[in-house]
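Q: In this note's numbering, the protein residues as written are 4 to 307.
Glycine is no exception: its CB is placed at the ideal position from the N, C-alpha and C atoms.
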């Protein structure tokens, strides 16, 4: 995650230089060549088992082949010997293939309405994040009228503040004992407000300050996404499946809601309105989450 932030801080300056020197086609060709370096880099990855620390295990070769007593759970009746339940090797034959798939991927999580509400909210905010990252440079150049250099500077400052926040926000939330989900909720509200204020500005100095503020607040909504899921899942064995389902929800909403944001931009011919619509979606997530958390708290108080 930190490497991604560093890349987002450096790449705007690199792209600005390439555009000035080689134009759009040359820049696209060079960036494509840089991306291809990921293929040989991925081939150099080692399996995790190569670097696992060995633990003391029982050497099977040193174990005796013969033992005096072997205990097998069984029950004797007048008709013979009956094995205890659970000792048969064919106990899973009764399970259907669909049931095995459901258990393997922990699809039982989808029965939990709170979990569904959680991953849908995370996915919507993630979609707004992706849309903002794509629209922000065009907003600065077309709506505000900044040059390529000033646009790259604003984007680099936004990413730099994001890196600082990734280091400081966990320490702040730990000191004040704020949960990961509450941190995400507060970050979403503050980020939505900050983005809408930024969309109405035209002075370069104010845009610089708001870019720093947006970058810092954005980290609270980005870093705590997976942490909010792990905090909700009490069963650690279900955490990988929960995060996987969240990734699926993100992919679906990026394709669906992301297209809606693009349609808003094309229909209104305004990047400002598109940014405000994204802020409305984020505030909708914050309101529904707040209502759900309040309802759960009141229900627990009434139940106790």
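#1: Would you check if the distance between the CB atom of residue 127 and the CB atom of residue 245 is smaller than 8 Å?
#2: Suppose you measure from the CA of residue 21 to the CA of residue 235; what does that come to, to the nearest Å?
#3: Quick one: complete alpha helix (DSSP H) runs, 4+ long, within the region 270 to 297?
#4: Does the beta-carbon distance from residue 217 to residue 194 come in below 8 Å?
#5: Would you check if there are 3 or more beta carbon pairs closer than 8 Å linking the region 296 to 307 to the region 160 to 180?
#6: Just to confirm the assignment: which complete alpha helix (DSSP H) runs, minimum length 4, are found wholly within the region 160 to 216?
#7: Figure out for me which residue from 149, 25, 248 has the closest Cα to the Cα of residue 105.
#8: When the distance is taken between beta carbons, is residue 231 closer than 8 Å to residue 187?
#9: May I ask whether a heavy atom of the ligand FMN can be found less than 7 Å away from the beta carbon of residue 9?
#10: Look at residue 120 and residue 291 and say whether their C-beta atoms are less than 8 Å apart.
#11: Note down the Cα distance separating residue 191 from residue 57, rounded to an integer number of angstroms.
#12: Is residue 223 closer than 8 Å to residue 123 when the C-beta atoms are compared?
#13: Looking at the structure shown, is residue 238 part of a helix, part of a strand, or coil, going by DSSP?
#14: Whose C-alpha, out of 272, 287, 293, is nearest the C-alpha of residue 138?
#15: So, is residue 259 buried or exposed, given that buried needs 16 or more other C-beta atoms within 10 angstroms?
#16: Is the Cβ-Cβ distance between residue 163 and residue 12 less than 8 Å?
#17: Any idea if residue 285 is buried or exposed, counting beta-carbon neighbours within 10 angstroms, 16 or more meaning buried?
#18: Let's test the definition: count the other Cβ atoms within 10 Å of the Cβ of residue 100 and tell me whether it reaches 16, buried, or not, exposed.
#19: Excluding five sequence neighbours on each side, which residues of the same chain lie with their C-beta closer than 8 Å to the C-beta of residue 279?
#20: With DSSP run on the structure shown, which of helix, strand or coil describes residue 99?
#21: Give the secondary structure of residue 19 by DSSP, where H, G and I count as helix, E and B as strand, and everything else as coil.
#22: On the CB-based measure, 16 or more other CB atoms within 10 Å of its CB, does residue 15 come out buried or exposed?
#23: Just to confirm before moving on: does the CB-CB distance between residue 219 and residue 167 stay below 8 Å?
#24: Starting from the C-beta of residue 233, find all residues in its chain whose C-beta is less than 7 Å away, skip the five residues before and the five after it, and write them out in chain order.
#25: Does the distance from the C-beta atom of residue 130 to that of residue 256 stay below 8 Å?
#26: How big is the Cα-Cα spacing for residue 48 and residue 10?
#27: Can you tell me which of 147, 184, 114, 103 puts its alpha carbon nearest to the alpha carbon of residue 295?
A: From the atom records:
#1: Position 124 of the chain shown holds residue 127. Position 242 of the chain shown holds residue 245. Against a cut-off of 8 Å, the Cβ pair of residue 245 and residue 127 comes out as no contact.
#2: What you label residue 21 is simply residue 18 of the chain shown in a count that begins at 1. What you label residue 235 is simply residue 232 of the chain shown in a count that begins at 1. Taking the straight line from one Cα to the other gives about 45 Å.
#3: none
#4: Position 214 of the chain shown, counted from the first residue, corresponds to residue 217. Position 191 of the chain shown, counted from the first residue, corresponds to residue 194. Yes.
#5: no
#6: 183 to 202
#7: Position 102 of the chain shown, counted from the first residue, corresponds to residue 105. Out of 149, 25, 248, 248 has the C-alpha closest to the C-alpha of residue 105.
#8: For the purposes of this step, residue 187 is taken as the residue at position 184 of the chain shown. For the purposes of this step, residue 231 is taken as the residue at position 228 of the chain shown. Cβ distance < 8 Å, so residue 187 and residue 231 count as in contact.
#9: No copy of the ligand FMN occurs in the structure displayed, which carries no ligand at all.
#10: Along the chain shown, one-based indexing puts residue 120 at 117. Along the chain shown, one-based indexing puts residue 291 at 288. Yes; because the gap between Cβ atoms is below 8 Å, this pair is in contact.
#11: Reading the chain shown from its first residue, position 188 is the one you call residue 191. Reading the chain shown from its first residue, position 54 is the one you call residue 57. If you take the alpha carbons of residue 191 and residue 57, they lie about 44 Å apart.
#12: Along the chain shown, read from residue 1 onward, the residue named residue 123 stands at position 120. Along the chain shown, read from residue 1 onward, the residue named residue 223 stands at position 220. Not closer than 8 Å, so no.
#13: Residue 238 sits at position 235 when you count from the first residue of the chain shown. Reduced to three states, the DSSP call for residue 238 is coil.
#14: For the purposes of this step, residue 138 is identified with residue 135 of the chain shown, where counting begins at 1. For the residues 272, 287, 293, the minimum Cα distance to residue 138 belongs to 272.
#15: Sequence index remark: in the chain shown, residue 259 carries index 256 (1-based). Exposed, because fewer than 16 other Cβ atoms sit within 10 Å of the Cβ of residue 259.
#16: Along the chain shown, one-based indexing puts residue 163 at 160. Along the chain shown, one-based indexing puts residue 12 at 9. Result yes, Cβ atoms of residue 163 and residue 12 sit closer than 8 Å.
#17: To locate residue 285, count along the chain shown from 1; it is residue 282. Flag for residue 285 reads buried.
#18: On the chain shown, residue 100 is found 97 positions in, with the first residue counted as 1. Per the 10 Å Cβ criterion, exposed.
#19: Counting from one through the chain shown, the residue named residue 279 turns up at place 276. For residue 279, where only same-chain residues beyond five positions count, the Cβ hits under 8 Å are 199, 202.
#20: If you number the chain shown from 1, residue 99 lands on position 96. Coil at residue 99, not helix or strand.
#21: Taking the chain shown and counting its residues from 1, one reaches residue 19 at position 16. DSSP places residue 19 in helix when its eight states are reduced to three.
#22: Translated into the one-based positions of the chain shown, residue 15 becomes position 12. Buried, by the Cβ-count rule.
#23: Here the question's residue 219 lines up with position 216 in the chain shown. Here the question's residue 167 lines up with position 164 in the chain shown. Yes, Cβ-Cβ distance for residue 219 and residue 167 is below 8 Å.
#24: Numbered from its first residue, the chain shown carries residue 233 at position 230. Here the set comprises 242.
#25: Translated into positions along the chain shown, residue 130 becomes position 127. Translated into positions along the chain shown, residue 256 becomes position 253. Going by C-beta atoms, residue 130 is nearer than 8 Å to residue 256.
#26: For the purposes of this step, residue 48 is identified with residue 45 of the chain shown, where counting begins at 1. For the purposes of this step, residue 10 is identified with residue 7 of the chain shown, where counting begins at 1. If I take the Cα positions, the gap works out to 20 Å.
#27: Locating residue 295 in the chain shown gives position 292, counting from the first residue. Among 147, 184, 114, 103, the Cα nearest to that of residue 295 is on 184.
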